[in-house]
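Below is one structure, written out as structure tokens; the observations come after it.
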Amino acid sequence: AQSVTQPDIHITVSEGASLELRCNYSYGATPYLFWYVQSPGQGLQLLLKYFSGDTLVQGIKGFEAEFKRSQSSFNLRKPSVHWSDAAEYFCAVGGTGAQKLVFGQGTRLTINP
Amino acid sequence: NAGVTQTPKFQVLKTGQSMTLQCAQDMNHNSMYWYRQDPGMGLRLIYYSASEGTTDKGEVPNGYNVSRLNKREFSLRLESAAPSQTSVYFCASSDTETQYFGPGTRLLVL
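If you're matching them up, the sequences are chains A and B in order. Residue numbers for the first sequence follow our numbering, so the first one is 1073 and each next one is one higher. Residue numbers for the second sequence follow our numbering, so the first one is 2 and each next one is one higher.
Structural data, given as structure tokens:
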């Protein structure tokens, strides 16, 4: 069965510092991988996705993620965070056509001024 | 372009009451989904519809029914609400690559 683990429930970083959010997945075939962001009281917004090809993918708002098949990971990174990045971040895995996504538990990001 | 819209935004029910959550999308997507979000559990799929006229159970379908009224609309019905159904409900629709989410309905069952 497919599953996603986000080991960090809550992360706090200082504004301007670098960020890495971890995501490990279990999936029997070639996975489709996604990162979504949710601001308080809002729906989910797609940050980036990986289907195939270059394992380093660029997304919106300066985020990037790297797919590492050998480690079953798809970690999200940002070189320098801004106060507006404070939100909850979800990693998700699915099969062909973005169907039936399985989400991780989420990582809440707090930014210190 | 409204994307995915959900009504109502917030609802309070008493145990045993029924209600229908509405969802509509204007992106001409074939697939639509209903999720629930609970603290520490991420989003869990309740039901989905791969195309107009079809629906299938997801991970947590018990206590819910759905209707794919047409290509645009996908409703979620709670026939007899229970406190365990207190949650935030999200509707989504997808093209072949990405799911797009609505703003959510916050439901409180007393």
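Every residue, glycine too, gets a C-beta built ideally from N, C-alpha and C. The structure presented is a predicted model; accordingly, all values stated were derived computationally and were not measured.
- Judged by pairs of C-beta atoms under 8 Å, the region 1080-1087 of chain A touches the region 1148-1156 of chain A, as three or more such pairs exist.
- Annotation for A:L1118: F1106 and Y1108 place their beta carbon closer than 7 Å to its own, counting only its chain and skipping 5 residues before and after.
- Counting only runs of at least 3 residues, the region 1119-1146 of chain A fully encloses the following beta strand (DSSP E) elements, listed from N- to C-terminal order: 1128-1130 and 1136-1140.
- Setting aside the 5 residues that flank it on each side, A:D1126 has no residue in the same chain whose C-beta is closer than 8 Å to its C-beta.
- For the region 79-101 of chain B, residues whose beta-carbon sits nearer than 7 Å to a beta-carbon of chain A comprise F91, S95, T97, E98, T99 and Q100.
- Proximity to B:Y36 across B:D27, B:Y65, B:M20 and B:E98 peaks at B:Y65, based on C-alpha coordinates.
- At a cut-off of 3 residues, the continuous stretches assigned as beta strand (DSSP E) that sit fully inside the region 45-106 of chain B are 66-69, 75-79, 88-95 and 100-102.
- Sequence-distant Cβ neighbours of B:T97 in its own chain, meaning closer than 6 Å and more than five residues away, do not exist here.
- Positions of the beta strand (DSSP E) runs, each at least 3 residues long and wholly inside the region 14-41 of chain B, are given as 20-26 and 32-38 in order along the chain.
- In this structure, B:L108 is the residue among B:V67, B:L108 and B:S76 with its C-alpha nearest to the C-alpha of B:P84.
- Remark: C-beta atoms of B:S94 and B:F75 approach each other more closely than 9 Å.
- Among the CB atoms of chain A, none fall inside 9 Å of the CB of B:G54.
- A:H1082 sits exposed, since fewer than 16 C-beta atoms from the chains shown fall within 10 Å of its C-beta.
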